[in-house]
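Scroll down for the structure; my scribbles are underneath it.
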Amino acid sequence: MARKPLELGTWGKIRTYVTHTNEKGKADGYRAATYFRDFDGRTRQVEANGRSATAAESNLKTKLLERTSAGRGSKLKGSDKFALAADLWLKKFRQMVKEGRRSAGSLDTYRCHLDRTVLPALGELRLGEMTTPLVDKVVGAIRDEVGQATARSCRSIISGVLGLAVRYGALGSNPVRDVERIEGLPKKKPRSLTEAEREAWFRHIQEDEDAVRADLPDLTMFLLATGVRIGESLGLLWSQVDLHSGEVEITHQIIRATGQGLIRTGTKSSAGERVLMAPSWCVSMLRNRAVPGIRMDGPVFADSAGGFRDPSNVSRDFRMARSPVGGLVRQNLATHLRDARQKAGLTQKETSRRLGWADSRISLIERARLKVSREDAVALLDLYRQRGAERAAALAMVDVAAEPSEADAFSWLTSHVFRKTTATMLDDAGQSARQIADQLGHARPSMTQDVYMGRKAKNPGAASALEAAFKAPE
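Written out as structure tokens, the structure is:
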């Protein structure tokens, strides 16, 4: 019975032979050889040399992978580095952004993860060296050191890059396919603002000069009235608002793209393009904003110069408004601690390392993003070797900043909570999941139910129906 031929682009058993010995009779030259079935159907012997049997076999395998790639007309070879394939993948992704099939925000996110996390771990490795155990180890390390969300994104990036390598013939299969999936933590129950909390929030931001200056009262009202995303609200033009019918047309969002600055681009998906009917109280607010002389092609929620606002800056304004400590004292304390650290000649990272804190903790404290306890303040001042009046002044500021404020109740609040609150209010009003999904711009009602509704849907009529259908035994 005839031997079954090799598959195209594959090879048989590799054998090694001694080709040279030194003056002491010790082998120092080897040849590795095997038979390779070329893409014309013919089987040919392929050889490679090395100073050891292992080196000769390794050189031969590299040669065979290159021969396989060349036979398939590939732009990539097994000997090419992962970084080269990543560059090709990124160029293709950039082209999809130009064609409107991907968002510029996604490009920035992936490029950031690629440069900061993926390439430092895999960039210098050859595509032929990429195996499932190797990728699994790298993704696991990212999960443990950085976090699950970053690891999940990096896994997708690696899969995309190696999937491109498969299509270009540099790999036979994508090793990420069998990498362990990253299970997310149990999702927290969606939380939305109650009626009392909504009233308290409006009272709080109307009394906060910085929040009023940042236009948060009107913006909050619009977010609650429509359920739109911050980027979508900032991308709304006056030409898309009908003050007579109350209709608001959502078609674009504002994002910041690397190298381009702020750009007005389409919504996240086709489902995001929608026409909404604003309630009367929101229309009244918009009428008050529509002062004579406004440009119809200008944004409804503009910056001080009449241009588009940066979503990141608006999110920062919301964070500052719901900050759990007082504004001026908190800022002065942050400045004092930063100056003390610099005077001590320490970096933020070194300070965190010496105290055994997370790397970002000092940065958050010095940007007034964290309430500083007296214990933490003492640890910092001891490390900075600050004594006397300066130390006493710092501790006095810590005590004042720690006093309760109305904003303490909103320490959990993010700008996305307004969107969840809208969904919950519509749910309470008897709107279906499909109707609420259309309002929020979701393609799938399941996303709306699982993530955005502040409570499980109730069925008040169920008890009555069961009462009539079933009578408990005596």
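Take the sequence shown: its position 284, counting from 1, is numbered 547 in this note's numbering, and each next residue is one higher.
Where a beta carbon is used, it is the ideal one built from N, C-alpha and C, also for glycine.
Residue environment, residue i, which counts as buried when at least 16 other CB atoms sit within 10 Å
{"i": "T279", "result": "buried"}
{"i": "V588", "result": "Unreliable placement is indicated for V588, whose pLDDT of 47 sits below 50; the coordinate value is still reported in the next sentence. Its Cβ being crowded by 16 or more others within 10 Å, V588 is buried."}
{"i": "S674", "result": "exposed"}
{"i": "C417", "result": "buried"}
{"i": "E320", "result": "buried"}
{"i": "N437", "result": "buried"}
{"i": "S419", "result": "exposed"}
{"i": "C545", "result": "buried"}
{"i": "R572", "result": "buried"}
{"i": "F299", "result": "buried"}
{"i": "G693", "result": "exposed"}
{"i": "F302", "result": "exposed"}
{"i": "E495", "result": "buried"}
{"i": "C375", "result": "exposed"}
{"i": "Q358", "result": "exposed"}
{"i": "G521", "result": "Note that residue 521 corresponds to Thr in the displayed sequence, not to Gly. So T521 ends up on the exposed side."}
{"i": "R430", "result": "exposed"}
{"i": "Q745", "result": "Residue 745 lies beyond the stretch modelled for the chain, which goes from 264 to 737, so this question has no answer here."}
{"i": "V554", "result": "exposed"}
{"i": "S636", "result": "exposed"}
{"i": "D471", "result": "buried"}
{"i": "V281", "result": "exposed"}
Per DSSP, cross-strand counterpart(s) of residue i
{"i": "K344", "result": "R389"}
{"i": "T284", "result": "A290"}
{"i": "T279", "result": "A295"}
{"i": "G313", "result": "Y293"}
{"i": "R300", "result": "T306"}
{"i": "W620", "result": "Partner(s): none; W620 has no beta bridge."}
{"i": "W274", "result": "F299"}
{"i": "P708", "result": "None, per the DSSP bridge assignment."}
{"i": "P562", "result": "L500"}
Rounded separation between residue i and residue j - CA only
{"i": "P562", "j": "A656", "result": "45 Å"}
{"i": "I468", "j": "I628", "result": "23 Å"}
{"i": "S543", "j": "K452", "result": "31 Å"}
{"i": "Q523", "j": "S508", "result": "36 Å"}
{"i": "L269", "j": "S575", "result": "58 Å"}
{"i": "L600", "j": "T528", "result": "41 Å"}
{"i": "V475", "j": "A463", "result": "15 Å"}
{"i": "P708", "j": "L676", "result": "24 Å"}
{"i": "K531", "j": "S366", "result": "7 Å"}
{"i": "V409", "j": "L633", "result": "21 Å"}
{"i": "A565", "j": "L497", "result": "7 Å"}
{"i": "I518", "j": "L525", "result": "6 Å"}
{"i": "D622", "j": "E613", "result": "9 Å"}
{"i": "G368", "j": "L703", "result": "20 Å"}
{"i": "N722", "j": "Q698", "result": "Residue placement at N722 is flagged as unreliable, the pLDDT there being 49, under the threshold of 50; a coordinate-derived value is accordingly withheld."}
{"i": "V402", "j": "P480", "result": "43 Å"}
{"i": "Y373", "j": "Q503", "result": "32 Å"}
{"i": "L425", "j": "V661", "result": "52 Å"}
{"i": "L377", "j": "L482", "result": "35 Å"}
{"i": "E443", "j": "M559", "result": "52 Å"}
{"i": "D441", "j": "L591", "result": "53 Å"}
{"i": "W501", "j": "R582", "result": "27 Å"}
{"i": "R537", "j": "H705", "result": "10 Å"}
{"i": "L347", "j": "K361", "result": "22 Å"}
{"i": "F681", "j": "L549", "result": "18 Å"}
{"i": "G341", "j": "K289", "result": "33 Å"}
{"i": "G304", "j": "E286", "result": "44 Å"}
{"i": "A584", "j": "R616", "result": "31 Å"}
{"i": "S578", "j": "A459", "result": "23 Å"}
{"i": "D399", "j": "D371", "result": "25 Å"}
CA nearest to the CA of residue i, picked from the options
{"i": "S533", "options": "V641, E613, L353 and G363", "result": "G363"}
{"i": "Y647", "options": "R604, T687 and V661", "result": "R604"}
{"i": "L618", "options": "L425, C375, I517 and D645", "result": "D645"}
{"i": "R492", "options": "M359, D622 and G535", "result": "G535"}
{"i": "A434", "options": "I625, D350 and L328", "result": "A small fix is needed here, since residue 434 is Leu in this sequence, not Ala. Checked all of I625, D350 and L328; the closest Cα to L434 is L328."}
{"i": "V262", "options": "V661, T489 and A520", "result": "Residue numbering for the chain in the displayed model covers 264 to 737; residue 262 lies beyond these limits and cannot be assessed."}
{"i": "K276", "options": "E666, K324 and A642", "result": "K324"}
{"i": "T306", "options": "K267, R454 and V663", "result": "K267"}
{"i": "R630", "options": "L499, R461, Q712 and D602", "result": "D602"}
{"i": "L539", "options": "A384, T685 and E472", "result": "T685"}
{"i": "A412", "options": "M393, E387, I445 and L427", "result": "I445"}
{"i": "V439", "options": "K400, T395, D407 and A477", "result": "T395"}
{"i": "T457", "options": "A700, S695, Q712 and L689", "result": "L689"}
{"i": "S547", "options": "D505, I513, P383 and L353", "result": "D505"}
{"i": "L487", "options": "A541, A384 and L427", "result": "A541"}
Any C-beta of chain D under 8 Å from that of residue i
{"i": "Q611", "result": "This model lacks chain D altogether, as it is built from one protein chain only."}
Any non-hydrogen atom of the ligand SAM closer than 7 Å to residue i Cβ
{"i": "E472", "result": "Ligands displayed in this structure: none; no statement on the ligand SAM is therefore possible."}
Alpha helix (DSSP H) runs wholly inside the region 380-464, at least 4 long, in chain order: 382-385, 395-408 and 411-430
4-residue-minimum alpha helix (DSSP H) runs that sit fully inside the region 468-546, ordered along the chain: 472-476, 479-489 and 493-497
Residue ranges of each alpha helix (DSSP H) within the region 585-612, 4 or longer: 590-606
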